[in-house]
Every structure is written in structure tokens, then in C-alpha cells.
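One structure below.
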Amino acid sequence: MSNPHLSFEVEIRLSFDTYDNACRKLPFLEKSLQMVDWWDTSLYGLELFHSDQMLRIGDLLYEDNHKKRYLGWKGPDIGDFANIRSEIDEDITDGVENSVVLAKIGGGQKSLTADGVIEEMIRLGYEKFMSFSGKNTLGRYEPLDIGVKLMSCSQLKYPLMVEIEKIASTEEEARQYEKQLYEICREWNLLDRLVKEEPTHLLYEAIYGK
Numbered sequence: 042m043s044n045p046h047l048s049f050e051v052e053i054r055l056s057f058d059t060y061d062n063a064c065r066k067l068p069f070l071e072k073s074l075q076m077v078d079w080w081d082t083s084l085y086g087l088e089l090f091h092s093d094q095m096l097r098i099g100d101l102l103y104e105d106n107h108k109k110r111y112l113g114w115k116g117p118d119i120g121d122f123a124n125i126r127s128e129i130d131e132d133i134t135d136g137v138e139n140s141v142v143l144a145k146i147g148g149g150q151k152s153l154t155a156d157g158v159i160e161e162m163i164r165l166g167y168e169k170f171m172s173f174s175g176k177n178t179l180g181r182y183e184p185l186d187i188g189v190k191l192m193s194c195s196q197l198k199y200p201l202m203v204e205i206e207k208i209a210s211t212e213e214e215a216r217q218y219e220k221q222l223y224e225i226c227r228e229w230n231l232l233d234r235l236v237k238e239e240p241t242h243l244l245y246e247a248i249y250g251k
């Protein structure tokens with residue numbers, strides 16, 4: 042049986058020097074962006090990261106001042122043009138019961154608070170090794186059935202990026218979505234703005250070098 046928590050994230054990022062330039066290249070962008078959040082993401086387990094996986098805690102603050110905390114895991118990137126990763130995200134704001142992510146990294150099945158999740162990761166040997174924060178403005182462009190996100194983070198080599206994303210339930214579907222994202226970039230003349238490195242890897246390069 043397939044894991045109901047598992048999906049495949051298919052995404053590309055495009056670099057721009059200003060928001061106005063992004064809107065000029067992507068005329069649908071301004072009207073598509075509807076929601077703002079401020080985020081703080083911490084990465085755990087350096088050896089896991091070196092094996093091209095990601096274990097992270099993400100704290101989100103929304104415009105209405107409510108907060109959420111998420112535990113996430115991503116598998117190795119299997120994409121060619123886009124980044125394609127299997128992923129599991131769990132809302133741990135009010136704690137978690139029998140975490141799928143913790144089970145994946147060797148944790149036991151138990152009830153934990155949000156802080157308890159972090160303590161369990163450290164107990165398992167997954168220490169925090171880097172963190173970053175920024176602002177996202179998110180939305181959807183329904184004619185192309187894509188999620189869009191304007192990401193601002195001064196810690197990165199590319200401080201302003203537009204992320205275009207589709208979520209697949211199988212690897213086969215993810216491959217089809219990857220082709221669609223390539224066609225979007227080709228038709229909109231965006232290939233020269235493509236950033237293959239993911240934000241976490243850009244941060245790692247900024248802190249540790251390649």
C-alpha cells in the first residue's frame with residue numbers, strides 16, 4: 042500500500058532582480074499571489090543532507106498572526122530539468138502521534154510535543170546544522186494548474202526567486218509534470234532565469250562553501 046503521507050514535489054525556481062521584473066516576465070504573477078507568510082526553516086542531520094535528503098523543521102507566521110510548525114523530510118532529487126523529490130510533511134504545531142517522518146529516520150512510535158520532536162531528532166543523532174528565514178507570497182495560476190511562490194531571502198545568492206510547483210502522487214506523474222514545467226519555461230522564454238540549486242543548497246554553499 043502506498044504511504045498516504047508521501048507525495049512528489051516537482052518544482053523549478055526563476056531568479057529576478059526585482060518584483061516588477063518578475064511581473065513583466067510572468068504577467069499572471071501579480072494576480073496569482075494571494076497569501077503571505079514569514080518562515081524560519083532549520084535543517085537537521087548533516088550526514089543526511091550529504092546523502093541528498095533533507096530533514097527540517099519549519100516555523101510559519103501568517104498575516105493573521107497565527108503560527109504553524111511543520112516537520113518535513115525530502116528524499117533524493119531524481120529530477121533532470123526540475124527538482125523532483127518525494128516528501129513527507131507533518132503539522133506538529135500541537136504535537137504529533139506516531140510521526141511518519143520520525144519513524145523513517147529510526148524513531149519510535151510515540152506521542153510527542155513540537156519541542157519533543159526536536160529533542161527526539163537530536164537523540165537520534167540529527168543535530169541542527171543550519172537555518173534561514175524569509176518571506177513567501179503564495180498563490181495559484183489555475184490556467185496552467187501550477188502553484189506559484191515569490192520567495193525573498195537575503196541570505197541566498199539569489200535573494201528573489203519565483204518558484205513554480207506541481208505536486209504528484211506517483212513518480213510517473215512527477216515525470217509528466219516535469220515536462221510540463223519545461224514547456225512553460227520554453228514558451229515564456231524563462232530558461233535563462235532557471236536556478237537549479239534549491240534554497241537549502243544555496244544556503245549550504247553560502248555557509249560552508251561547495
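Residues in the sequence shown are numbered consecutively from 42, following the working numbering.
We treat Cβ as the ideally placed atom computed from N, Cα and C, and that holds for glycine.
Please read all numbers here as calculations on a predicted model, not as lab measurements.
Tell me, to the nearest whole angstrom, how far the beta carbon of residue i is from that of residue j; I am working on the premise that it is less than 8 Å.
i, j, result
"M192", "E204", "6 Å"
"L112", "V158", "6 Å"
"L87", "L96", "At roughly 10 Å, the Cβ-Cβ gap does not stay under 8 Å, so L87 and L96 are not in contact."
"L235", "M171", "Going by Cβ atoms, the distance from L235 to M171 rounds to 24 Å, so no, they are not a contact pair."
"D20", "D81", "In the structure displayed, the chain extends from 42 to 251; residue 20 sits before or after that span and is not available."
"D58", "L197", "So it is not a contact: roughly 13 Å between Cβ atoms."
Might you give, ordered along the chain, the residues of its own chain that have their beta carbon closer than 6 Å to the beta carbon of residue i, omitting 5 neighbours on each side?
i, result
"G250", "none"
"M42", "At M42 the pLDDT is 30, less than 50, meaning the model places this residue with poor confidence and gives no usable figure here."
"E138", "S152"
"V141", "H46, I129"
Of the residues the options, which one's Cα is nearest the Cα of residue i?
i, options, result
"E71", "G180, I248, L55", "G180"
"H91", "K115, Q75, Y103, G99", "K115"
"F173", "H46, Y167, C194, V189", "C194"
"G136", "L74, K109, E212, A155", "A155"
"F69", "E213, T59, P184", "P184"
"M162", "I187, D118, A144, N177", "A144"
"E239", "L47, L55, R65", "L55"
"C226", "L67, I125, A247, V77", "L67"
"R216", "V142, L165, A123, I146", "A123"
How is the alpha helix (DSSP H) around residue i delimited, first residue to last?
i, result
"D121", "Where D121 is concerned, there is no enclosing alpha helix (DSSP H), given that its DSSP letter is neither H nor E."
"D156", "155-164"
"S195", "It is not in any alpha helix (DSSP H) - S195 carries neither H nor E in the DSSP assignment."
Can you find the residues in the same chain that come closer than 7 Å, C-beta to C-beta, to residue i, ignoring five residues on each side of it along the sequence?
i, result
"D130", "Y111, G113"
In the DSSP assignment, find the unbroken beta strand (DSSP E) run with residue i in it and report its ends.
i, result
"I205", "201-209"
"R54", "47-56"
"F173", "169-182"
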